[in-house]
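Below is one structure; the comments refer to it alone.
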Amino acid sequence: MTRERKINAGLALALLAFPLWAYFANEPFMITLATKVAILALAGVGLNIALGQGGLVSLGHAAFFGIGGYAMGILASHAQTFDPIAEWPFLIEGTKSMPIIWIVAVLTSGLAALLIGALSLRTSGVYFIMITLAFGQMFYYFAISWPTYGGEDGLSIYVRNGFPGLNTLDPIQFFAITFVILMLAMGFAAMLAKSPFGLALNAARQSPQRVETVGMTPYRLRLVAFVISGMITGLAGALFADLNRFVSPTMFSWQTSGEIMVFIIIGGIGRLYGPLVGAALFIALEHILGGLSDYWHIYLGVLLLLIVLFARGGVIGSLAGRGHAHD
Amino acid sequence: MTDAVLATKGISKSFGALQASLDISIDLRPGEIHALIGPNGAGKSTLIQQIAGGMKPDAGQIFLNGQDITALGTAARAKRGLARTFQISALAMEDTVLQNAVLGALGAQGRPFQVFGTALGKADLRATAEQALDRVGLMDHAKTRTSELSHGQRRQLEVAVALTLNPKAFVMDEPMAGLGTRGSKRLTGFLDSLREQAPILLVEHDMDAVFTLADRISVLVYGQIIATGTVDDIRANADVRRAYLGDDT
Amino acid sequence: MTLLNVTNIAAFYGATQALFDVSLRIDAGQVLALMGRNGMGKSTTVKTICKMIPVSRGQITFHGQDLQKVPSYKAARLGLGLVPEGRRCFPNLTVEENLIAAARPGHWDFAQVSALFPRLEERRTQGAASLSGGEQQMLSIGRALMTNPKLLILDEATEGLAPLVRQEIWDAIATLKHKTGLSILVVDKSLKELSQIADTAMILERGATAWSGAMGDLTDDITNQYLGV
Amino acid sequence: EPVKVGIITTLSGGGAGLGIDVRDGFMLAVKQSGNTDIEVVIEDDQRKPDIAVQLADKMIQSEKVDVMTGIIWSNLAMAVIPSAVAQDKIYLSPNAGPSALAGRGCHPNYFNVAWQNDNLHEAAGAYTNSAGFQNTFILAPNYPAGQDALTGFKRQYQGELAGEIFTKLGQTDYAAEIAQIRASGADSVFFFLPGGMGISFLKQYADSGVDLPVVGPAFSFDQGILQAVGQAAIGVKNTSQWNKDIDNPTNAAFVETFQAEYGRLPSLYASQGFDTANLLLSAMAKADISDRNAFRAALKEADFHSTRGDFEFGNNNHPVQNIYVREVIKEGDVYTNKIIGVALENHVDAYAADCQM
Amino acid sequence: MSFILFAEQVLNGLQFGVMLFLMSAGLTLVFGVMGLINLAHGSLFMIGAFAAAAVAGLTGSFVLALMAALAAAAAAGALVEVLVIRRLYDRDHLDQVLATFALILIFSEGTRWIFGSFPLFLNIPDYLSGPVTLPGGIQYPLYRLTLIGIGLAVAVGLFLLISRTRLGIQIRAGESDREMIAALGVDISKLYTIVFALGAALAGLAGALVGAIQSVQVGMGEPVLILAFVVIVIGGIGSIKGALIGSILVGLTDTLGGLFMPALFALFMDNSSAATAGSALASMLIYILMAVVLIVKPSGLFGARA
Ligand SMILES: Nc1ncnc2c1ncn2[C@@H]1O[C@H](COP(=O)(O)OP(=O)(O)OP(=O)(O)O)[C@@H](O)[C@H]1O
Ligand SMILES: Nc1ncnc2c1ncn2[C@@H]1O[C@H](COP(=O)(O)OP(=O)(O)OP(=O)(O)O)[C@@H](O)[C@H]1O
Ligand SMILES: [Mg+2]
Ligand SMILES: [Mg+2]
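In structure tokens:
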């Protein structure tokens, strides 16, 4: 249909083609990079539901990313040491099964999003940005100083968790898992945007009064969106931890929240494929610029600045023209 | 009072030293259009806000169909059948006209948390929405982005969204504002036809429209109702002429 | 001498056109009354002159200078003193601060404004937000005078005020005209007072000039046609 | 056969100075050796564990390196080393020595050329005893390395504790802690506050009027940061396995050539990088990298001239070495250290016994 | 706990708060007047510290160093405003966040490029070093007392500037109605540049003052920036009074929390784990404070708008 659709299809193909090329060219690290792009894009897809559709500028999504990561770290480390997580009121054992870890990651981050959202959504605008930041920082400091699971050192898992029927240590197979999840999440996000709930949520962003006068409560719509958003970002956190076989409090830091947000802005706020483009571009820049100079952050900064100042609507916005997205 | 669809009893509201509403009691009876007029800053929009639930009165009560709704929020009042339009259009500007109308239908249906299926694909929602658009004559623009509508068309859309709620009472804040003479005439005719469905509390500066439509007029000055009566009563009222209409009217 | 010359301007709000080919002229020392019913484009005209909204066509010159090329603060410094619709006093500032914020050197200073509106002197330290409507109106006029303008623009300066307060304002405007010879562009609905004070008049109808001429030439027919109910 | 070495270290952002020193020390030794069979790839981890892990993946998967080294921080080490050595890469640690890798988690492919994390703290504890302090006040940041530091100190220290405080990681204002020290009636202070934290603490401590003697590990008093601490550091005793005045020809030559090459005095970290490279070069001279067993054995022999004098590995591939007490002095315009004694002789770390290798 | 220790800690909290105020004042001013979120404010703090260290290194004069800090930060602020920030006023907060985030990267790495990766040296001048004895036998560093003095003096000065001078009046007017103040002949963009440079200068001053007792290094601004945001959000965005009270509240909470939390936990835990748990909670304390304030008052203590 639209130009954006064509671009999107191209992007999905590119994300699939790149690791396949790397596989045949025997460049496993390139597959790892593509996997990282897919996972970070997934985190972005999560945040974009709150940010792009709900207009909720959360600078605390690292909290969910980190919770997902620690869900993996804690479960897997207990499985590694055969040391149950809890024996009372009932026995909870660690696990090395990805599907179970994902479920736990999604549920715990959803629960955290429910709590954080319920409190934060009482505020709006910059206050919302800052209170979500505050919650993120609480998790960060907690994770750093809580010694049971490694504190600032984090937790290392020596072998990647398993998925029935697949060898997850093989880069291309792990990529396949993340790719499928990313596509499912994007499909879900696309469906959400068009669903009755999405319609109401988008309207609540544009005109909360309007939504109220037709009998719906923006607060509740936003809270549900925030929880869904947190769950997806949490899932991305679990995958990210599995990619690195390692979790640390850095996942909770405000820079992590900032980076996820940067992906979205680079790609284009509210654009379905925005997070993917943003994450891919960011990682590519990091990879290419990092090789050029010790001071590559300067170039990154200048590039970001140019994107904000001159490519309004992000990369997809610039390519596809003004479509269905807000400034 | 008992047969009033919508009524306020002794509403008062102040902003610091400013008394925006003072002991206001007005009512809206079945089938009527009750116009509320008064100078700028008299407190008309403030009163509408309190009736619709956007603002809590300091004192007094509001009744819809005899039930006290003072404690309810905006959304709850809307669910009970109170539909309002805004002085400054409040619409989802990035969405299409149809989407705005479907939003109204969705609110009326009361199940906003459906994540499966598309909003525009739900036959029941769509039927309600299209019917409302049809009534205000916006069906041709169903696929237009709302931000591309003219001022007048936005006012029509506001009314259409209110219609999707199938309300018991309308509260309209300056629906004619910004419409040309022709637009006002059309909307006047339309509002006239609307009163059979539900009565309208109408705030309006357009005296042509008010004098054509209103069954009763209340005049609000400095937060107080200084007169209520028929068109002729009000035109003849010396206080009203002094405070609002002036000598030329 | 022509002070303000507006020729064939058009202006838009988004996609809706609000002004169509409006032209007007004010000479030094003159008072022009700009009239028309609600929503006809009076305030829009005023806003284009003060550079608050852009014109899409036409030309505005003030004192021989093309206003098109200057930002709004420079236009103001050339000598445009605006009393905007809705007063727009700075609510978080006191009366005195509102006046100081605008002050530029010249005849009008705090003492002169106080002499014109003794009420403002009494309310000197009160926050503008809590002033009565009439007091706010006086403050808004005083504030515009503090910029020592060559042309004072009054948009609905008597709107929504009690008759008594209105009278005070009209008296003040008359003083300005007769004692200081200030040029004034006045937008208002009360014909009676306008006819006493204005030299020329102009009526807007849906964003276009419907009538213009000397105030004395304004007949009842015309006012009934364009201003009556 | 040529050996490919991957250096992952911190070259940008906070803490970059340490990584730069390790890298420069390492490259100096490679250059001096004239050995063309060694190929080095260097990457910047930005002190972020996830970046480090990725770079490790890249080095192993793409660059196909044989030997890895360079990591400064324990948390990054824990993220990278276990999986690298499991993939049969040799890892030579030039700085971090987390306890988890010294005891039960030791590995034949992992060699630490610097110290086990606790060592310098243990030495500080031992020195505190020998200096006759009875009631010391100890503080460290609240993170694992900080907790290890206090544990290490207490392992050797025999007196009373006047107080024990964990500060915030990255904290820059220590007024509150100094006030507690003042009120505690301590006779000395031990602290472990690496990087900017230590600078801040010392400057504020010197200005507070509390004049209790201070003891710490070398990290807060090393060449790279002493100039920033300035006068406040003069006279402080600190523990280190290396100093530029250790008297052996290798060290003298190292100090001189480093200064000539880079225009600054070498730091502790530079010496560790230098030793790491020389260890590697000595093994390359004896064995082929494709024969892992022989190569590991060659490494274990540690037959090279260390800047510390003789160098020897214990059973867990961690150094068995002297740890000295140094004092901060001023030489001309430059703040530096001088050795004033030995705190622990031929010290074996506390975890070696747990290592089954 | 002795009275002396407690009093000293209160002074420490006050001093910390006052320094935070210097950072937050500019931030809240820029936000309140221009509606701009400036993440790069921390970089201006760093620039002040580096400028001071560089000039102190060259001239040996602390006073000159402070002047250099003010000048360098103000100049950097003005430059950034004219080149970048100006284009962001009409953008939404997200664009501002991203653009100023990019500025952090440029400033931090640029500084590292110029000054290298090692911390710089900036010392307390002799005439301000060492402790003084206050009434009640409290020993307190003279320099920190001076900081409290300077901070409070700046607070008073800033308050007078904003509330009494014509410039301050115009700034406040711009806060409520930008279009109107322009229509009265005030050059609003110049005014904005001045406000931005003023905020930058205060941050630079804070950087230099703090640099003398801490380490002057790349990235020193970011932790303070986050705290400054916490402060202005607690105080209510745009309010100088809110920034002062918020700063002192945060300063005291942080300092006294670090003191009392471990002591509190020690009541029911052994010393070592109490120290760990207590300091863990202490480091979260200001964020908890902020969350509580916002939950109770969603627009901060003295905030007018949300
Ligand atoms: N939230 C508020 N805080 C303080 N004052 C307010 C607030 N809302 C409205 N006011 C004041 O209350 C008065 C009544 O305002 P309102 O909007 O109800 O007038 P109105 O009759 O609708 O006027 P108009 O015809 O111009 O729309 C005005 O003086 C207005 O400034
Ligand atoms: N900000 C705006 N956005 C869109 N349309 C506007 C805006 N302001 C005014 N209009 C429209 O422009 C037209 C002219 O408005 P203007 O304010 O100039 O009228 P006016 O003659 O001053 O009326 P009044 O006597 O009510 O003040 C009106 O139709 C109005 O609805
Ligand atoms: Mg109104
Ligand atoms: Mg008008």
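Chains as they are written, first to last, in the numbering used here: chain B, 15 to 341; chain L, 298 to 546; chain C, -9 to 219; chain V, 3 to 359; chain S, 10 to 315. Yeah, the Cβ is synthetic: ideal placement off N, Cα and C, and Gly gets one too.
Are the beta-carbon atoms belonging to residue i and residue j less than 8 Å from one another?
| i | j | result |
| --- | --- | --- |
| residue 142 of chain V | residue 133 of chain V | no |
| residue 56 of chain S | residue 216 of chain S | yes |
| residue 49 of chain B | residue 257 of chain B | yes |
| residue 173 of chain C | residue 66 of chain C | no |
| residue 247 of chain S | residue 188 of chain S | no |
| residue 51 of chain B | residue 294 of chain B | yes |
| residue 252 of chain V | residue 309 of chain V | yes |
| residue 76 of chain B | residue 227 of chain B | no |
| residue 345 of chain V | residue 116 of chain V | no |
| residue 287 of chain S | residue 299 of chain S | no |
So, for residue i: in the same chain, excluding its five sequence neighbours on each side, which residues have a beta-carbon less than 7 Å away from its beta-carbon?
| i | result |
| --- | --- |
| residue 200 of chain C | 193, 194 and 216 |
| residue 352 of chain V | 120 and 157 |
| residue 110 of chain V | 298 and 359 |
| residue 545 of chain L | Model confidence at residue 545 of chain L stands at a pLDDT of 44, short of 50, so the residue's coordinates are unreliable; what they give is reported in the following sentence. None. |
| residue 214 of chain C | none |
| residue 315 of chain S | Reliability fails at residue 315 of chain S, whose pLDDT of 34 lies under 50, so the model's placement of it is uncertain and the value that follows must be treated cautiously. Taken in chain order, the residues that qualify are 307 and 308. |
| residue 513 of chain L | 329, 331, 525, 526 and 527 |
Can you list, in chain order, the residues of its chain with a C-beta nearer than 6 Å to that of residue i? Leave out the 5 residues immediately preceding and following it.
| i | result |
| --- | --- |
| residue 128 of chain B | 241 |
| residue 171 of chain B | 90 and 259 |
| residue 253 of chain S | 30 and 164 |
| residue 341 of chain B | Residue placement at residue 341 of chain B is flagged as unreliable, the pLDDT there being 33, under the threshold of 50; a coordinate-derived value is accordingly withheld. |
| residue 136 of chain C | 89, 92, 93 and 98 |
| residue 537 of chain L | 516, 524 and 531 |
| residue 438 of chain L | 394 |
| residue 338 of chain B | With a pLDDT of only 45 at residue 338 of chain B, under 50, the local geometry of the prediction cannot be trusted, and the value read off the model is given with reservation. Hits under 6 Å: none found. |
Using a Cβ-Cβ cut-off of 8 Å (strictly less than) and excluding sequence neighbours within five positions of residue i, which residues of its own chain qualify?
| i | result |
| --- | --- |
| residue 63 of chain B | 203, 206, 239, 242, 243 and 246 |
* **Validate contact between the segment 133 to 144 of chain B and the segment 82 to 96 of chain B using beta carbons, cut 8 Å, 3 pairs** => No: the two stretches stay apart, fewer than three of their Cβ pairs being nearer than 8 Å.
* Output the residue ranges of the beta strand (DSSP E) runs that lie fully inside the segment 104 to 189 of chain B and measure 3 residues or longer, sorted by chain position. => Counting only runs of 3 or more, we get nothing.
* What are the complete alpha helix (DSSP H) segments, minimum 4 residues, inside the segment 191 to 243 of chain V? -> Here the runs fully enclosed are 198 to 210 and 225 to 231.
* Mind listing, in chain order, the continuous alpha helix (DSSP H) runs of no fewer than 4 residues lying wholly within the segment 271 to 336 of chain V? => Within the segment 271 to 336 of chain V, the complete alpha helix (DSSP H) runs of at least 4 residues are 294 to 303.
* Mind checking the segment 147 to 167 of chain S against chain V and listing, in chain order, the residues whose C-beta falls within less than 9 Å of any C-beta there? => Within the segment 147 to 167 of chain S, the residues whose Cβ lies closer than 9 Å to some Cβ of chain V are 148, 149, 150, 151, 152 and 153, listed in chain order.
* Within 9 Å of chain L by C-beta, residues of the segment -6 to 12 of chain C in sequence order -> For the segment -6 to 12 of chain C, which is checked against every Cβ of chain L, the residues closer than 9 Å are 3, 4, 5 and 6.
* **Residues of the segment 273 to 293 of chain S with Cβ closer than 7 Å to any Cβ of chain B, in chain order** => Residues of the segment 273 to 293 of chain S whose Cβ lies closer than 7 Å to any Cβ of chain B, in chain order: 285, 288, 289, 292 and 293.
* Please name the residues in the segment 223 to 239 of chain S whose beta-carbon is closer than 8 Å to at least one beta-carbon of chain B, in chain order. => So the list reads 235, 238 and 239, given in the order they occur along the chain.
* **Whole runs of the alpha helix (DSSP H) within the segment 363 to 422 of chain L, excluding any shorter than 4 residues** => List check, alpha helix (DSSP H) in window: 371 to 376 and 394 to 406.
* Which residues, in order along the segment 308 to 319 of chain B, keep a beta-carbon less than 7 Å from a beta-carbon of chain S? -> Answer set for the segment 308 to 319 of chain B: 309, 311, 312, 314, 315, 316, 318 and 319.
* Closer than 7 Å, Cβ to any Cβ of chain C: which residues of the segment 194 to 214 of chain S, in chain order? -> The residues in question are 194, 195, 196 and 197.
* Kindly confirm or deny that the segment 169 to 188 of chain B and the segment 166 to 175 of chain V touch, where touching means at least three C-beta pairs closer than 8 Å. => Not touching, per the Cβ criterion.
* **Segments assigned beta strand (DSSP E), at least 3 residues, entirely inside the segment 219 to 262 of chain S** => Along the length of the segment 219 to 262 of chain S, whole beta strand (DSSP E) runs at least 3 residues long do not occur.
* Contained alpha helix (DSSP H) runs [length at least 4] in the segment 65 to 136 of chain V, N- to C-terminal order -> Counting only runs of 4 or more, we get 76 to 88 and 121 to 132.
* **beta strand (DSSP E) runs contained entirely in the segment 132 to 213 of chain S, provided each spans 3 or more residues** => Here the runs fully enclosed are 140 to 143 and 147 to 150.
* To do: Report the residues of the segment 85 to 113 of chain S with a CB closer than 9 Å to any CB of chain V, ordered along the chain.
  => Hits within the stretch: zero.
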